[in-house]
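What follows is one structure encoded as structure tokens, with my remarks underneath.
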Amino acid sequence: MVIGSGDAAIEEGMFLTKFADRVIVSVMHDPGKMDCNEIAKAQALENPKMEFIWNTVVDSFEGDERLDTVVLKQLKSGERIPVRVDSCFLFIGYLPNTELFRGLLDMNRAGYLLTNEKMETNLQGVFAAGDVRDKFLKQVATAVGDGAIAGYGAEKYLAESELFEHQILNHGKPSLVYLYSATDSCCRELLPIMDAFEQTHGENIRVTRVDIYKSDGIARRLGLSTVPCAAYIKAGRVAASIDCGITPEALAALTGA
1 MVIGSGDAAI EEGMFLTKFA DRVIVSVMHD PGKMDCNEIA KAQALENPKM EFIWNTVVDS
61 FEGDERLDTV VLKQLKSGER IPVRVDSCFL FIGYLPNTEL FRGLLDMNRA GYLLTNEKME
121 TNLQGVFAAG DVRDKFLKQV ATAVGDGAIA GYGAEKYLAE SELFEHQILN HGKPSLVYLY
181 SATDSCCREL LPIMDAFEQT HGENIRVTRV DIYKSDGIAR RLGLSTVPCA AYIKAGRVAA
241 SIDCGITPEA LAALTGA
């Protein structure tokens, strides 16, 4: 079932007829009157898979573990019409309902939220997914993909926050953070040096290894962008860092060990 008769609703309803045996459209207007453009209207009315229920709005959604019935309300008679469905799509226009975030999150002139490919907004820890984003294709498939990326990103952000607060900043003693990429052989070759440093100085300096291959969140929080990089954290801030010539002697000089 599709709810609505605007351009978005009819366009997506026509698309769904490629896969569904029947697409039921709930329209709040009288028979033949729709909010979409005339070309889309004519094509929809001629499509044998499109079925319209006029003068109706949604009264309720019903089902146990999943949706199986949409109850429509007939606007003129007040009659409740239960309609068995496999799924339901609500299309009530292209304008995003993002006024709540104006002044907080970056958006374009139309109100769509701006994100990067990781679904990150300009506000750290806030992600956006689906049709509310400024993107080329707005369909269920792309929204699901956005959601998967945003969900992973949010989980990663929370894990990084805990690591950053409780291990890297760790006000009990200073930290040495080694930023590296698991895909870079030069970075991997320096790991034994970090291991040796930890064995010798681990009692006084906490050593943390951060692989930025999948997420560079920790690096951004530290204000660092290159790998490999060793940063000495003292009193909750980066006291010094080196991104070349990482040797046992250089680490000792960096940390005063």
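Oh and the sequence shown: position 87 is 87 in UniProt numbering, straight run, nothing missing. In this text, a Cβ means the ideal position worked out from N, Cα and C, and glycines have one as well.
Check whether the Cβ atoms of Thr69 and Glu62 lie closer than 8 angstroms to each other.
Position 69 of the sequence shown, counted from the start, is the residue given in the question as residue 69. Position 62 of the sequence shown, counted from the start, is the residue given in the question as residue 62. Yes.
Could you check the C-alpha separation between Tyr180 and Val210 for me, to the nearest Å?
Residue mapping note: residue 180 aligns to position 180 of the sequence shown, counting from 1. Residue mapping note: residue 210 aligns to position 210 of the sequence shown, counting from 1. Using only the alpha carbons, I get a separation of about 6 angstroms.
Compute the distance between the beta-carbons of Val83 and Met1, then report whether it is under 8 angstroms.
If you number the sequence shown from 1, residue 83 lands on position 83. If you number the sequence shown from 1, residue 1 lands on position 1. Cβ distance < 8 angstroms, so Val83 and Met1 count as in contact.
Going by the DSSP bridge assignment, what does Met107 pair with across the sheet?
Along the sequence shown, one-based indexing puts residue 107 at 107. Bridge partners of Met107: Leu113.
Based on the DSSP output, what are the partners of Cys229 in its beta bridges?
Counted from its first residue, the sequence shown places residue 229 at position 229. Leu179.
Where Ile212 and Ile218 are concerned, what is the direct C-alpha to C-alpha distance, given to the nearest angstrom?
In the sequence shown, counting from the first residue as 1, residue 212 sits at position 212. In the sequence shown, counting from the first residue as 1, residue 218 sits at position 218. Taking the straight line from one Cα to the other gives about 8 angstroms.
In the DSSP assignment, the alpha helix (DSSP H) including Ile10 goes from what residue to what residue?
Reading the sequence shown from its first residue, position 10 is the one you call residue 10. Residues Asp7 to Leu16.
State the Cα-Cα distance for the pair Ala257 and Leu163, rounded to the nearest angstrom.
For the purposes of this step, residue 257 is taken as residue 257 along the sequence shown, with counting starting at 1. For the purposes of this step, residue 163 is taken as residue 163 along the sequence shown, with counting starting at 1. Approximately 24 angstroms, taken between the alpha carbons.
Just verifying my parser: in three-state terms, what is the DSSP assignment at Glu62?
As a working note, residue 62 is residue 62 in the sequence shown. DSSP places Glu62 in strand when its eight states are reduced to three.
Determine, for Ala219, whether the minimum Cβ-Cβ distance to residues of chain D falls below 8 angstroms.
The structure shown has no chain D; it contains just one protein chain.
Quick check on Lys156: does DSSP put it in helix, strand or coil?
Within the sequence shown, the letter at position 156 stands for residue 156. Note: Lys156 maps to helix in three-state DSSP.
Roughly how many angstroms separate the alpha carbons of Leu90 and Ser215, rounded to a whole number?
Indexing the sequence shown from 1 puts residue 90 at position 90. Indexing the sequence shown from 1 puts residue 215 at position 215. Looking at the two C-alpha atoms, the distance is approximately 35 angstroms.
Can you look up Phe19 in the DSSP assignment and give me helix, strand or coil?
Walking along the sequence shown from the start, residue 19 turns up at place 19. Coil, per DSSP.
Which residue marks the beginning of the alpha helix (DSSP H) containing Phe52, and which one marks its end?
Numbered from its first residue, the sequence shown carries residue 52 at position 52. Not the alpha helix (DSSP H): Phe52 falls in the beta strand (DSSP E), residues Met50 to Ile53.
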